[in-house]
Ligand code: PLP
């Protein structure tokens, strides 16, 4: 008899975005004439930067010529991309990261989801609340939690992110071994200061813990005094892994490219306290289970670092951040307390009521889809997330409709 991994039975049956899709579909069926604007799921709407598509086309042409055709590439990614990442994303910010510490992949979702398999099953894990669901669900699947009860899985340490702490979690009271942090944050849009991040790095050093730092939205940081990488913090090389993605930076959600940084000095321990470099384990996993991102996609990603690439990427980011400002300004004017939208494409709004109730009001009265904060965890209840990923005219229209609906 083929038996199922029963940990899958613990997963909450309705994933947040399917529940949203279901409610939208029911409403749309009943009201086919209504035009719905989607400011919920964080998917980009604008085309790839020209520099990327030109590099993409050129690389595809290389693949059609016997002289330049390429088969399997290095699993860790081509040197041309790893070297640009190390130089422009790290060394330019005085973060000591070298090309061979970068692992190119097809997504930060896969990487943040897969990395947990490198750790023992009996570690204590801290996750933010509200949380990007992948961190939690992948640990549930691996059997590191007990059942879902009263809005939380048993066995995890939830780091509460609230208005009171500015949505930056305090250090846990109990000892934890693995810590997920995400800044700029999805869903709250909050950022972390150097001093706050230093506290986490110091904690991890003291406890021999590991920080998994998801910086998928780093490109949206306007305030250049904020850390863009955890490796700008002294000591982080020894205790942190960083994830980044081209998805939101340059519209690669459908093109797929990302990377994970594992410094060679970052250690993990066996039950006797012997230390091993994590780099070797991730390299082993990556080369065993992954065969690399396609050559044209890596060339397209490389293009953001050279020639007109950086300027075009900035223009794209500025476009979405104009939306973010419009959303934040309007919701503030309507009397709602907003977080995010300044250094992040998400605006986290205190609805002063239940998340799903507010979601339904916006859907039915303004025909706008948002994301109910409750879907990201207990501390998300009472909030909704509005995404800045859409076209200016649609955002403007949605905001007018929201203003009218909430009057
Ligand atoms: N990490 C966070 C916090 C995200 O919000 C997302 C996408 O929404 C991802 C990772 C996934 O990125 P990718 O498209 O590279 O898989």
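Residue numbers (the working numbering): 312 to 718.
Each residue gets a CB set at the ideal place from its N, CA and C atoms; glycine is no exception.
Just curious, the alpha helix (DSSP H) that residue 608 is in, first and last residue? Residue numbering aside, residue 608 sits at position 297 when the chain shown is read from its first letter. Start and end: 606–613.
Rounded distance between the beta-carbons of residue 654 and residue 537, thought under 8 Å: Stepping through the chain shown from its first residue, residue 537 is reached at position 226. Stepping through the chain shown from its first residue, residue 654 is reached at position 343. Yes, they are in contact, since the Cβ atoms of residue 537 and residue 654 sit about 6 Å apart, within 8 Å.
beta-carbon residue 573 near the ligand COA non-hydrogen atom, thresh 7 Å: Inclusion of the ligand COA in the displayed structure is not the case, the ligand content consisting of the ligand PLP alone.
In the DSSP assignment, the alpha helix (DSSP H) including residue 445 goes from what residue to what residue? Within the chain shown, the letter at position 134 stands for residue 445. That run of the alpha helix (DSSP H) goes 444–452.
Is the CB-CB distance between residue 659 and residue 672 below 8 Å? Residue 659 sits at position 348 when you count from the first residue of the chain shown. Residue 672 sits at position 361 when you count from the first residue of the chain shown. No.
Determine contact between the region 592–606 and the region 417–429, defined as no fewer than three beta-carbon pairs at a distance below 8 Å. yes
From the DSSP output, in three-state form, read off residue 568 for me. Along the chain shown, one-based indexing puts residue 568 at 257. Here residue 568 sits in coil by DSSP.
Just how far apart, CA to CA, sit residue 662 and residue 438? What you label residue 662 is simply residue 351 of the chain shown in a count that begins at 1. What you label residue 438 is simply residue 127 of the chain shown in a count that begins at 1. When rounded, the distance between both Cα atoms is 24 Å.
Is the beta carbon of residue 443 closer than 8 Å to that of residue 525? By one-based count along the chain shown, residue 525 stands at place 214. By one-based count along the chain shown, residue 443 stands at place 132. Cβ atoms of residue 525 and residue 443: closer than 8 Å.
In the DSSP assignment, the alpha helix (DSSP H) including residue 394 goes from what residue to what residue? The sequence position of residue 394 within the chain shown is 83, counting from 1. 390–395 is the extent of the alpha helix (DSSP H) around residue 394.
Measuring CB atoms only, is the region 701–714 touching the region 673–682, in the sense that at least three cross pairs come out at less than 8 Å? yes
Measure the CB-CB distance between residue 410 and residue 569 and report whether it falls below 8 Å. For this step, residue 410 is matched to residue 99 along the chain shown. For this step, residue 569 is matched to residue 258 along the chain shown. Cβ atoms of residue 410 and residue 569: not closer than 8 Å.
For a quick check, are the C-beta atoms of residue 698 and residue 647 less than 8 Å apart? The count along the chain shown starts at 1 and reaches residue 698 at position 387. The count along the chain shown starts at 1 and reaches residue 647 at position 336. No, these two residues do not count as a Cβ contact at 8 Å.
Taking the alpha helix (DSSP H) that residue 472 falls in, what are its first and last residues? On the chain shown, residue 472 is found 161 positions in, with the first residue counted as 1. Looking at the DSSP string, residue 472 is not in any alpha helix (DSSP H), and its letter there is neither H nor E.
If you check the beta carbons only, do residue 392 and residue 377 fall under 8 Å apart? Here residue 392 corresponds to residue number 81 of the chain shown, with the count starting at 1. Here residue 377 corresponds to residue number 66 of the chain shown, with the count starting at 1. Not in contact: residue 392 and residue 377 (Cβ atoms no closer than 8 Å).
Neighbourhood of residue 546 by C-beta, 6 Å cutoff - its chain only, sequence neighbours within 5 removed: Within the chain shown, the letter at position 235 stands for residue 546. Excluding residues within five positions, the ones whose Cβ falls inside 6 Å are 512, 516.
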